[in-house]
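Structure first, commentary second.
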Amino acid sequence: MDKPEDEKYWSSSATKGFDFDSEENEHAGDIFGATPLQTAQLSKEVQQNIPHQPVVSRGETHRKLSNSLSSLSTCSNSSYKFNTSQPTKQCEVTCKLLSSTINDETMSSPKDVVRSIFLGMSYDLSCFKKLSDKKILLDEALKLGDGDVICAVLLFLQKSLHQMVLFPLLKERYVAAREYIAILEKQKCFKEAAILCGELQQTKEAVVHLYNSCFREGEQTILSSLEQIYKNELKNFKQIEVESEIIEEHILLLERQGPIAVTRARLPQSEIDDTRTSPFIGKAVTAQNLVGSSLLSTLQYCCRHNWDAPENLLASPIGLKKTFKLTERQFLWNAFIGRILMNQDPLPILLVKGMFGAPKISASLSIPRILEIASNLNGKPNLFDQLLLLVEKSEKRYQLAKKYQRHRIVIDVLISNKDRISLLQYRDSIDDQSEIDYINNTLRVSSTRWKN
């Protein structure tokens with residue numbers, strides 16, 4: 001027979017494939033990927049472990065199913081009750097052991113979780129519910145020594161443990177305690193940080209955190225908060241004399257600022273404060289923002305508006321200096337700026353009599369710095385002329401006078417140096433006719449012996 005011409009050959013197959021419609025399939029029970037022999041052996045082992053059930057024919061199965069469905073449809077839903085067999089005690093024990101085995105396999109150890117945090121992998125800290133497990137977790141993080149891992153564990157402990165439980169735990173682990181204090185500072189939880197610092201016997205830092213906590217509640221309650229801390233909290237700490245003195249002085253300052261601001265606010269609108277910027281404290285303080293400002297800001301404010309106030313008044317600059325033990329330089333700098341801001345002459349404050357009655361700058365203040373501040377605050381020209389004359393070196397006086405365009409002083413320095421060429425060059429560089437005439441008259445004097 002010629003195979004290519006036989007139609008039956010091409011339309012039939014020696015190996016029969018799977019047919020969904022066929023009920024006779026000799027390989028229907030075979031497991032995919034296993035030989036029939038292996039399938040038979042596995043089936044035999046499974047049947048040995050399954051209790052013996054009576055063999056039910058297919059027709060009998062269909063008949064029972066039809067009867068069950070018909071009885072279910074005719075029965076009322078309200079009266080129908082399902083009878084479920086209760087699980088045996090052996091089954092309950094087996095399920096319990098199985099669930100515990102699964103939990104033990106899925107739950108990671110503290111060391112594995114710490115490693116996952118360090119490597120940036122996903123992790124779950126909620127499985128650590130016991131205090132002992134949390135201690136081990138923290139110890140593993142500290143053993144690793146990575147700051148981010150320690151921070152992550154501490155944030156978890158902060159959420160899951162009460163402060164009374166967490167702080168004794170951290171007290172025994174100094175590195176973790178310092179890291180947690182840094183976290184509390186970022187969260188602005190200064191009172192909690194103060195308590196932990198107190199347990200670590202770091203009293204000075206604890207007072208600083210208490211001091212910072214007063215400013216978090218708002219400007220309206222700063223004074224009352226400071227008084228409460230000073231009277232109650234500081235008793236629990238030792239060796240904090242300097243910190244206690246600072247808090248006491250701040251309370252005294254706030255008690256002064258309130259009445260001063262109220263008095264100033266009652267003045268007419270024409271006497272309201274100048275808004276020029278001070279080089280030391282920034283924008284000048286006004287009556288509206290005086291309360292809560294620094295001591296030097298308050299001093300400048302009082303020097304501007306209450307310069308002549310008697311020492312026994314709260315707004316007296318001299319009273320502020322003595323009460324808060326300000327140095328002479330601190331007082332003079334701020335008094336000088338306060339007087340310039342009020343367009344008053346500050347020279348009586350700055351000048352004192354030196355040796356042989358010659359005037360000199362008090363407290364050895366820097367004349368170049370004084371001139372710089374006066375220039376920024378639009379000081380009067382007479383102030384520059386008098387201060388430049390106090391500069392001892394002629395070269396330095398010449399540079400400063402040229403910088404602030406005090407022409408007469410520049411000309412006098414050039415004449416004293418007998419520098420005719422520089423004098424002629426300077427005459428050509430200025431436009432002030434009176435100063436030009438002064439130079440021309442000087443050049444006509446025949447008694448001057450010029451060096452060039």
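Everything in the sequence shown is counted per full-length UniProt numbering, starting at 1 for the first residue and increasing by one. Glycine included, each C-beta is placed from N, C-alpha and C at the ideal position.
Backbone CA spacing between A358 and T323 [nearest angstrom]:
Taking the CA atoms as reference points, A358 sits about 32 Å from T323.
4 or more residues per run - each alpha helix (DSSP H) lying fully within the UniProt domain "Vps16 C-terminal" (129–257)
For the UniProt domain "Vps16 C-terminal" (129–257), whole alpha helix (DSSP H) runs of length 4 or above, ordered along the chain, are 131–144, 147–160, 163–171, 174–186, 190–199, 203–216 and 222–231.
What three-state label does DSSP hand I337 in the structure shown?
Looking at I337 - three-state DSSP - the assignment turns out to be helix.
List the whole-angstrom C-beta distance separating K231 from E199, where the pair is believed to meet the contact cut-off of C-beta under 8 Å.
In this structure K231 does not touch E199 by the C-beta definition: roughly 22 Å separates them, more than the 8 Å allowed.
Out of Q187, I195, L142 and A182, point me to the one whose CA is closest to P168's CA.
It is I195.
C-alpha distance - Y426 paired with G319, whole-angstrom precision
Cα-Cα distance, rounded: 49 Å.
Could you pull out every residue in the same chain whose Cβ sits closer than 6 Å to the Cβ of A401, ignoring the five residues on either side in sequence?
L388, I409 and V410.
Is the separation between the beta-carbon of P259 and that of L314 shorter than 8 Å?
One thing to note: P259 has its Cβ within 8 Å of the Cβ of L314.
As assigned by DSSP and simplified to three states, the class of V352:
Shown here, V352 sits in a strand according to DSSP, grouped into three states.
Which residues share a DSSP beta bridge with G319?
For G319, which the question treats as bridged, DSSP gives no partner whatsoever.
Spell out the partners DSSP gives P359 in its beta bridges.
K353, per the DSSP bridge assignment.
The alpha helix (DSSP H) enclosing Y404, as first and last residue numbers
Here Y404 belongs to no alpha helix (DSSP H), and DSSP marks it neither H nor E.
Mind checking who S278 pairs with in its DSSP beta bridge?
Paired residues: G282.
Considering E290, what are the terminal residues of the alpha helix (DSSP H) in which it resides?
Correcting the residue type first, residue 290 is Leu in the shown sequence and not Glu. From DSSP, L290 is part of no alpha helix (DSSP H); its letter is neither H nor E.
Using a Cβ distance threshold of 8 Å, determine whether the segment 391–405 contacts the segment 345–363, with at least three qualifying pairs required.
With the rule of 3 Cβ pairs closer than 8 Å, the segment 391–405 does not count as touching the segment 345–363.
Could you pull out every residue in the same chain whose Cβ sits closer than 8 Å to the Cβ of C302, ignoring the five residues on either side in sequence?
Sequence-distant partners of C302 (beyond 5 residues in either direction) whose C-beta falls short of 8 Å from its own C-beta, in its chain, are I260, A309, A315, S316, P317, L320 and G338.
Report the three-state DSSP secondary structure of N417 (helix, strand or coil).
Coil.
Between which two residues does the alpha helix (DSSP H) carrying P381 extend?
First-last of the alpha helix (DSSP H) with P381: P381 to L388.
Going by the CB atoms, is the gap between F237 and H209 shorter than 8 Å?
No, Cβ-Cβ distance for H209 and F237 is not below 8 Å.
Looking at the structure shown, is Q269 part of a helix, part of a strand, or coil, going by DSSP?
A caution first: Q269 carries a pLDDT of 48, below 50, which makes its placement in the model too unreliable to give a value.
Suppose contacts are defined by Cβ-Cβ distances below 8 Å. Is L365 in contact with L332 by that definition?
Yes.
When the distance is taken between beta carbons, is L234 closer than 8 Å to V262?
For the 8 Å CB-CB criterion, V262 and L234 do not form a contact.
Select from D385, E245, D428 and S297 the residue whose C-alpha is nearest the C-alpha of Q330.
Of D385, E245, D428 and S297, the residue nearest in Cα terms is S297.
Can you tell me the Cα-Cα spacing of E227 and L252, whole angstroms?
Answer to the nearest angstrom: the Cα atoms are 10 Å apart.
If I follow the unbroken alpha helix (DSSP H) through S116, where does it start and stop?
Run containing S116: P110 to L119, per the alpha helix (DSSP H) assignment.
The alpha helix (DSSP H) that contains A309, what's its start and end?
Under the DSSP assignment, A309 falls outside any alpha helix (DSSP H); it carries neither an H nor an E label.
Count the other CB atoms, across all protein chains shown, that sit within 10 Å of the CB of I340; report buried if there are 16 or more and exposed otherwise.
I340 is classed as buried because its beta carbon has at least 16 other beta carbons within 10 Å across all chains shown.
Please state the DSSP three-state secondary structure of Q344.
Reduced to three states, the DSSP call for Q344 is coil.
Collapsed DSSP secondary structure at Y426 in the structure displayed
Of the three classes helix, strand and coil, the one that applies to Y426 here is helix, per DSSP.
Hey, I246 and I229 are a contact pair by Cβ (cut 8 Å); roughly how many whole angstroms apart?
Between I246 and I229 a beta carbon distance of about 12 Å is seen, past the 8 Å cut, so the two are scored as non-contacting.
Assign C127 to one of three DSSP states: helix, strand, or coil.
C127 falls in the coil class under three-state DSSP.
When the distance is taken between beta carbons, is L424 closer than 8 Å to I415?
Going by C-beta atoms, I415 is not nearer than 8 Å to L424.
Let's test the definition: count the other Cβ atoms within 10 Å of the Cβ of D412 and tell me whether it reaches 16, buried, or not, exposed.
It is buried - the Cβ of D412 has at least 16 other Cβ atoms within 10 Å.
Once DSSP output is grouped into helix, strand and coil, what is the label at E395?
Correct three-state label for E395: helix.
C214: buried (16+ other C-beta within 10 angstroms of its C-beta) or exposed?
C214 is buried by the Cβ-count criterion.
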